[in-house]
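Chains as they are written, first to last, in the working numbering: chain A, 869 to 1101; chain B, 42 to 296; chain C, 2 to 418. We treat Cβ as the ideally placed atom computed from N, Cα and C, and that holds for glycine.
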Amino acid sequence: MLQVVELYKKFGKLQVLKGIDASFSPGKVTAVIGHNGSGKTTMIKCILGMVIPDKGEVLLRDESVVGKWKYRSELGYMPQIGRYPDNMTMGQIFDMMQDLRKGHKTELDKELVEKYCLTEMFYKKMRTLSGGTRQKVSAALAFMFNPPVLILDEPTAGLDPLASEILKEKIMVERAKGKTIIITSHIMPEVDELADDIIFMHEGSIKFHKSMLELKAETGETKIGKALGKLLS
Amino acid sequence: MLKITKYVLIDILRNRILLMYAIFLLIISLSLFSLEEDPAKAVISLLSVVLIILPLVGMIFSTTYFYNAYEFLELLLAQPLKRNTILLAQYIGLSTCLVLAFLFGVGIPVLIYYPNEIGAVLVFAGVMLSLCFAAFAFLASVSTRDKARGIGLSLLFWFYLAIMYDAIVMGIMYAFSDYPLEKIVVLFAALNPIDLARITVLLKLDISAMMGYTGAIYQDFFGNWKGIVFSSLVMAIWVVLPLWLSVRIFNKKNI
Amino acid sequence: MRIFKFFFFFLFSGIYCANARTIQVCKSCEISNLETAVELAQDGDVIRIQKGTYNINNLEINKKIRLIGEDFPILDAGFKDDGLLVTADGVEIYSIEVRNTKRGNLKDFSGIRIDGADNVIVWGVRIYNAFFGVYLSNSNNALIYGNVLVGIAPDQTSSGDGIRLWKCRNVKIIKNYVSGHRDGIYFEFAYNGEIKNNKSIKNLRYGLHFMFSDTNWFADNLFTHNGTGVAVMYSSHITMLRNGFYQNWGSASYGMLLKDIKDSRIQQNMFKMNTIALYFEGSSRVKVDSNSFMENGWALKLLSSCSQDSFLTNNFIANTFDVSTNGTLFLNYFHENYWEKYTGYDINKDKIGDVPHRPVSMYSMMVENMPFVIFFMRSFIVDLMNKAEQNIPSITPENVLDSAPRMHAFKYNASSS
Chain A
869 MLQVVELYKK FGKLQVLKGI DASFSPGKVT AVIGHNGSGK TTMIKCILGM VIPDKGEVLL
929 RDESVVGKWK YRSELGYMPQ IGRYPDNMTM GQIFDMMQDL RKGHKTELDK ELVEKYCLTE
989 MFYKKMRTLS GGTRQKVSAA LAFMFNPPVL ILDEPTAGLD PLASEILKEK IMVERAKGKT
1049 IIITSHIMPE VDELADDIIF MHEGSIKFHK SMLELKAETG ETKIGKALGK LLS
Chain B
42 MLKITKYVLI DILRNRILLM YAIFLLIISL SLFSLEEDPA KAVISLLSVV LIILPLVGMI
102 FSTTYFYNAY EFLELLLAQP LKRNTILLAQ YIGLSTCLVL AFLFGVGIPV LIYYPNEIGA
162 VLVFAGVMLS LCFAAFAFLA SVSTRDKARG IGLSLLFWFY LAIMYDAIVM GIMYAFSDYP
222 LEKIVVLFAA LNPIDLARIT VLLKLDISAM MGYTGAIYQD FFGNWKGIVF SSLVMAIWVV
282 LPLWLSVRIF NKKNI
Chain C
2 MRIFKFFFFF LFSGIYCANA RTIQVCKSCE ISNLETAVEL AQDGDVIRIQ KGTYNINNLE
62 INKKIRLIGE DFPILDAGFK DDGLLVTADG VEIYSIEVRN TKRGNLKDFS GIRIDGADNV
122 IVWGVRIYNA FFGVYLSNSN NALIYGNVLV GIAPDQTSSG DGIRLWKCRN VKIIKNYVSG
182 HRDGIYFEFA YNGEIKNNKS IKNLRYGLHF MFSDTNWFAD NLFTHNGTGV AVMYSSHITM
242 LRNGFYQNWG SASYGMLLKD IKDSRIQQNM FKMNTIALYF EGSSRVKVDS NSFMENGWAL
302 KLLSSCSQDS FLTNNFIANT FDVSTNGTLF LNYFHENYWE KYTGYDINKD KIGDVPHRPV
362 SMYSMMVENM PFVIFFMRSF IVDLMNKAEQ NIPSITPENV LDSAPRMHAF KYNASSS
């Protein structure tokens, strides 16, 4: 479904991506993990078109999307920190996003809006909202347009436990519908819970790309944290 | 594009700083017009405000806005939208707000107290300067990710165009003062939007007689349609050029 | 009083003369044209011209007669030549209208030309569309009183003056209105003249012009909207009192331009809204006192070729530049003027500032030496320069200063006109 081929990216003198190859399949949650500065976010931004790779391709259904923009209607993105125009109300934000993605065909998915009870806060200005509430808005927006590919950057960071649970459930439901889902996370139990595949990145290259089952079988551990520790030691 | 602009407008029009800026301009204009018996003199004082405060505030405000809206920009970039569209829409929204604030703070008082050709030229110059310095601010903003550096860069632009440029031109012309250079001064001025705005307005005022014979030649030129077309064109270049550069940079930029 | 004695003498001289005849001229009269009337007249006669239009062509008046119009008969020169030519002493011309002289450079075509005739009076006369209005040459003791001279001068090179004097003495020019000529009034080699209560408006070059004309006196005149109000050149002992110089505004306009003037006095004049109010070049021993300079571009341009001029108790208010000079040599004297731009203080309350005022700003100095700098007027850098100068006075020219600046403006009456 989604593939990155030989991605290279250099920021100044720093080679951030050193030839990344990976493919993400439908109906699976792929967790991208790694230390800070390992290139996770840069790779995601390459997929989103926010960072333009020096070399390499991003393929969606075997078509290159580098430098294009229409393909983004097939992506749902939840940023790590959601910031919105201060003086707009939440309702206006939702209106705006619907307005901007008017071309979408399927019906709007308002499940998260309802579960997070966001409608009640539609009159509030974004400036006045807490970080957690803004994350809820980001999550709701990412799923709203039923995109076949979902990219969630640290999705549960900043959410209260209840909200996290709702989000995780939602992720599982979407996986079952056959969506391609990419998440980054530092929280290993969460990865355990959600991920089908693991991509471990280190200093700009992929150390391994394995399915959860494989990983556990190789190391004989049931928890990903321990498995990783074994694999890297 | 207009959709994004609409939401940028919704956002900025409620911005308190912009509101304060508009009211500040209004207070200055009204007090100048009511203190000065001769509205022509108030216009001269207002010209100084337009030439100094407008570019400065416009630039700082635009740069700050750009950086404050960075995450919003990221959000927009993740949507199926062209980068050109996003940046231009933001520019249009922002510059519209600055122009509206200027029209409210200076345009209305001029319309009330001095509704003639000179007033129109002053307002026109102010509008063009607002557009132009918003474009400069965008250029500074897309050139660096760091907010402090971005604001520093815009201040540098402002400092250069408002002060340094004139000092350099005076210096160069002083070095060649054996030659009759008066006619060239306006050419140099055309290369700086602030100078161009200043001279276009001054040439409309009585005070232009002090510019001597050369001033009279320019007054003839700027008085007719050719001069108006010329100064509008140069001003337009000063809007389009930095904007075009910022779009180019932005298209290749890593967010 | 002097003027009136002179005036009455001429007025009654005709009546005293017992043999005086009156010749009536009108369209239906026995004598219907002026040539015949003048031919028939003898010294001391009066020619009365009824209302109507009469063609004249360089009509010479060579007898001592009085030419009096009834309600402004029109004497039309039909663009052929001069209008009237006066060559006899003691002629009086009153209440007529002269029109349409020839224009051109062959000769100084004039409405009324007075050549080598003394004691001539021209009063209450209208002269329209003449090349020169009244032209006096080699004629002394004339009185030009209460006339209206309106020309339609197209440009400087193809137009003449309103009242022109060439080698004349003791001429009095009073209460005339001159407009639309090259120079309103022009004195060349004319001495002991008096010019009073005239209005010289919208003349192309100068409202009043002196060349090589010493010992003249002009007072209470109004000069507005001329190319330059008054130009005084190569003359000495000129007295200029209570005149108004208004709105002589343009790229090369002056309120009053002085060039090579000596021993003169400029007192109680009002200079308002002139590009350059008072310009001094090569002048010496001119005393300028009790004048007001308001809202001019430059109140005073004083070139360094001037010396021993003194400027006392003048007002300098709201001028863009108060004083500018072109060199470091400065041999003139300022004392007890009021300078609106003065920022000093008066601790001992004697109404005189305790620190001297330097009226020449650095920017005006720069403009004088590098004219292009004027294009930076109102720019931020010039504002900064002026501000810096107030705080660091050492960068202003050292040698131009008023050591006793007044704290308050003087109250002078504006020109009567």
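Endpoints, alpha helix (DSSP H) assigned at residue i
{"i": "Asn125/B", "result": "Arg124 to Phe143"}
{"i": "Glu1086/A", "result": "Met1080 to Thr1087"}
{"i": "Ser201/C", "result": "Looking at the DSSP string, Ser201/C is not in any alpha helix (DSSP H); the run it does join, the beta strand (DSSP E), is Lys200 to Ile202."}
{"i": "Val873/A", "result": "Taken as a continuous stretch (DSSP letters only), Val873/A belongs to no alpha helix (DSSP H), being part of the beta strand (DSSP E) at Leu870 to Phe879."}
{"i": "Lys913/A", "result": "Lys908 to Leu916"}
{"i": "Gly256/B", "result": "Gly253 to Gly264"}
{"i": "Ile93/B", "result": "Pro80 to Asn109"}
Amino acids of chain B, ordered along the chain, whose beta-carbon sits closer than 7 Å to that of residue i
{"i": "Ser941/A", "result": "Pro121"}
{"i": "Asp967/A", "result": "Lys44"}
{"i": "Lys881/A", "result": "Within 7 Å Cβ-Cβ: nothing; Lys881/A doesn't reach chain B, min ~15 Å."}
8 Å Cβ cutoff met for residue i and residue j
{"i": "Leu980/A", "j": "Phe1011/A", "result": "yes"}
{"i": "Lys302/C", "j": "Ile277/C", "result": "yes"}
{"i": "Gln120/B", "j": "Val49/B", "result": "no"}
{"i": "Tyr55/C", "j": "Ile75/C", "result": "yes"}
{"i": "Val897/A", "j": "Arg1043/A", "result": "yes"}
{"i": "Lys168/C", "j": "Ser138/C", "result": "yes"}
{"i": "Ser252/C", "j": "Gly268/B", "result": "no"}
{"i": "Phe165/B", "j": "Met100/B", "result": "no"}
{"i": "Leu1018/A", "j": "Gly944/A", "result": "yes"}
Contacts of residue i in chain C (Cβ-Cβ under 7 Å)
{"i": "Asp247/B", "result": "Trp250"}
Cβ-heavy atom distance, residue i to the ligand GTP, below 7 Å
{"i": "Asn222/C", "result": "Absence of the ligand GTP is noted for the structure shown, with no ligands found whatsoever."}
Distance between beta carbons of residue j and residue i, contact taken as under 8 Å
{"i": "Asp90/C", "j": "Ala118/C", "result": "5 Å"}
{"i": "Ser171/B", "j": "Phe145/B", "result": "The pair is not a contact, with the Cβ atoms about 12 Å apart (cut-off 8 Å)."}
{"i": "Ala181/B", "j": "Thr104/B", "result": "6 Å"}
{"i": "Lys103/C", "j": "Phe73/C", "result": "Between Phe73/C and Lys103/C the Cβ distance is about 22 Å, and since that is not below 8 Å, they are no contact."}
Beta-carbon neighbours of residue i, restricted to chain A and to distances below 9 Å
{"i": "Leu194/B", "result": "Those do not exist, as Leu194/B stays about 18 Å from chain A at its closest Cβ, beyond 9 Å."}
{"i": "Asn265/B", "result": "None at all; the shortest Cβ gap to chain A is about 45 Å."}
{"i": "Tyr48/B", "result": "Pro953, Met956, Gln960, Ile961, Asp963, Met964, Asp967 and Leu968"}
9 Å Cβ cut-off: residues of chain C touching residue i
{"i": "Glu78/B", "result": "The contacting residues do not exist; Glu78/B stays about 11 Å from chain C at best."}
{"i": "Met211/B", "result": "Met367, Met371, Phe373, Val374, Phe377 and Ile382"}
{"i": "Ser272/B", "result": "Correct list: empty, because the minimum Cβ distance to chain C is about 15 Å."}
Neighbouring residues, chain C, relative to residue i (Cβ below 8 Å)
{"i": "Tyr215/B", "result": "Met371"}
{"i": "Ala250/B", "result": "Trp250, Gly251, Ser252, Ser254, Thr276 and Gly298"}
{"i": "Val227/B", "result": "Phe376"}
{"i": "Ser171/B", "result": "Near Ser171/B there are no residues of chain C at all, since even the closest Cβ is about 17 Å away, more than 8 Å."}
For residue i, the first and last residue of its enclosing beta strand (DSSP E)
{"i": "Asp889/A", "result": "Leu882 to Phe892"}
{"i": "Gly902/A", "result": "Lys896 to Gly902"}
{"i": "Gly230/C", "result": "Thr229 to Ser237"}
{"i": "Trp199/B", "result": "Not the beta strand (DSSP E): Trp199/B falls in the alpha helix (DSSP H), residues Lys188 to Phe200."}
{"i": "Ser111/C", "result": "Ser111 to Asp116"}
{"i": "Ile122/C", "result": "Ile122 to Trp124"}
Minimum Cβ-Cβ distance from residue i to chain F less than 8 Å
{"i": "Ala203/B", "result": "No chain F appears in the structure shown, which is made up of the protein chains A, B and C."}
Within chain B, the residues that residue i reaches when beta carbons sit closer than 9 Å
{"i": "Ile949/A", "result": "Glu112"}
Interface partners of residue i on chain B, CB under 8 Å
{"i": "Leu916/A", "result": "Leu118 and Ala119"}
{"i": "Thr321/C", "result": "Ile248 and Met251"}
{"i": "Lys908/A", "result": "Going along chain B, no residue has its Cβ under 8 Å from Lys908/A, so there is no contact; the nearest lies around 15 Å."}
{"i": "Lys938/A", "result": "Pro121"}
Neighbouring residues, chain A, relative to residue i (Cβ below 8 Å)
{"i": "Asp52/B", "result": "Pro953, Asp954, Asn955 and Met956"}
{"i": "Lys293/B", "result": "Ile920"}
{"i": "Ile296/B", "result": "Lys913, Met918 and Val919"}
{"i": "Arg55/B", "result": "Asn955"}
Interface partners of residue i on chain A, CB under 7 Å
{"i": "Glu115/B", "result": "Met918 and Pro947"}
Quick one: complete beta strand (DSSP E) runs, 3+ long, within the stretch 259-335 of chain C? Taking only runs of at least 3 residues, the beta strand (DSSP E) segments lying wholly in the stretch 259-335 of chain C are 271-273, 277-282, 285-290, 293-295, 299-303, 308-313, 316-318 and 322-325.
Ranges of the beta strand (DSSP E) found wholly within the stretch 127-188 of chain C, counting only runs of at least 3: Listed in chain order, the complete beta strand (DSSP E) runs (minimum 3 residues) inside the stretch 127-188 of chain C are 127-129, 133-138, 144-146, 149-151, 164-170, 173-175 and 178-180.
Within the stretch 1004-1075 of chain A, note down every full beta strand (DSSP E) run reaching 3 residues or more, in order along the chain. Runs found: 1017-1021, 1048-1052 and 1065-1070.
Tell me the start and end of each unbroken beta strand (DSSP E) in the stretch 339-417 of chain C that is at least 3 residues and wholly inside, in chain order. Within the stretch 339-417 of chain C, there are no complete beta strand (DSSP E) runs of at least 3 residues.
Runs of 4 residues minimum, wholly inside the stretch 17-103 of chain C: which ones carry the alpha helix (DSSP H) assignment? Annotation: the stretch 17-103 of chain C contains the following complete segments of the alpha helix (DSSP H) (minimum length 4 residues), in chain order: 35-41.
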